Amino acid sequence: MRTLELLNEAREELVKEFHQFSDEEINQKPDADTWSAKELCEHLWKMEGYVMEQLADEKIEAKGAVYKPVRLTTMRQIKVEAPGMLQPELGDISKDEILNHLFSRRMQLIEQYKKHKSAGRLKDSAKHPVFMRLKVKQWYDYIGYHEKRHTEQLKRIRQQLNS
């Protein structure tokens with residue numbers, strides 16, 4: 000699947016699932032160890048900001064990287080604790096505010112992707128905290144798969160709240 004298609008499909012699935020939550024439910028946690036829908040979405044827009052920082056021109060190297068199975072990110076059996084900077088920290092906010100944050104950050108990410116593509120940098124690479132070194136294109140694919148993973152988590156949160 001092409002990168003922009005993956006990003007768009009992942010976001011469409013996420014927003015569709017997010018709209019299933021009521022205004023009250025988005026800030027409710029099913030239990031003490033599980034994020035609320037709002038917290039999960041905050042993590043996602045923070046992750047996109049983090050990726051954009053990691054793909055700043057000065058951090059990209061003009062050398063390739065071995066293909067990595069970033070698709071494995073969707074497997075919920077493999078757990079990676081989100082570092083502190085990617086942990087949610089905002090208080091209660093509205094659905095519209097959450098959607099605005101997600102939209103704004105995604106537009107920034109897509110603009111950066113287009114810039115990298117037009118500059119021929121998608122085959123260059125940058126360090127990744129889990130996969131070591133990824134091609135720039137795979138970093139963007141990673142975001143799509145990461146979001147798909149969390150869409151499944153969002154579904155489980157809604158099920159837990161409704162049970």
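Oh and the sequence shown: position 71 is 70 in numbering that gives the first Met the number 0, straight run, nothing missing.
By construction, the Cβ of each residue, glycine as well, lies at the ideal position given by its N, Cα and C atoms.
If you're wondering where the values come from, they're calculated on a predicted model, not measured in any experiment.
Consult DSSP for MET51 and reduce its assignment to one of helix, strand or coil.
In the sequence shown, counting from the first residue as 1, residue 51 sits at position 52. Look at MET51 here: in three-state DSSP terms it is helix.
Sorted by chain position, which residues of the same chain lie with C-beta nearer than 7 Å to LYS154's C-beta, five sequence neighbours on each side aside?
To locate residue 154, count along the sequence shown from 1; it is residue 155. Result list for LYS154: GLU16, in chain order.
If we count the other Cβ atoms within 10 Å of its Cβ and call it buried at 16 or more, is LEU43 buried or exposed?
For the purposes of this step, residue 43 is taken as the residue at position 44 of the sequence shown. Counting Cβ neighbours within 10 Å, LEU43 comes out buried, since at least 16 surround it.
Go ahead and pull the three-state DSSP assignment for ARG197.
Here the chain comprises residues numbered 0 to 162, so residue 197 is not present and cannot be evaluated.
With distances taken Cα to Cα, identify the nearest neighbour of GLU88 among THR73, ARG70 and TRP34.
Against the sequence shown, residue 88 aligns to sequence position 89. Of the listed residues, the one whose Cα sits closest to GLU88 is TRP34.
From which residue to which residue does the beta strand (DSSP E) around ALA61 run?
The sequence position of residue 61 within the sequence shown is 62, counting from 1. For ALA61, there is no enclosing beta strand (DSSP E), as DSSP marks it with neither H nor E.
Report yes if the CB atom of ALA36 is closer than 8 Å to the CB atom of LYS147, and no otherwise.
Within the sequence shown, numbered from 1, the residue matching residue 36 stands at position 37. Within the sequence shown, numbered from 1, the residue matching residue 147 stands at position 148. At the C-beta level, ALA36 and LYS147 stay beyond 8 Å of one another.
Just mark LYS136 as buried or exposed, buried being the case when its beta carbon has 16 or more other beta carbons within 10 Å.
Taking the sequence shown and counting its residues from 1, one reaches residue 136 at position 137. The residue is buried, with at least 16 neighbouring Cβ atoms inside 10 Å.
Can you check whether the CB of LEU71 is closer than 8 Å to the CB of MET46?
Looking up residue 46 in the sequence shown gives position 47. Looking up residue 71 in the sequence shown gives position 72. In this structure, LEU71 does not lie closer than 8 Å to MET46 by Cβ.
Looking only at its chain, what residues have a beta carbon closer than 7 Å to the beta carbon of GLN19, apart from the 5 residues adjacent to it on each side?
Within the sequence shown, residue 19 is the residue found at index 20, counting from 1. Leaving aside the five residues that flank GLN19 on each side, the residues in its chain whose CB is nearer than 7 Å to its CB run, in chain order, ARG157.
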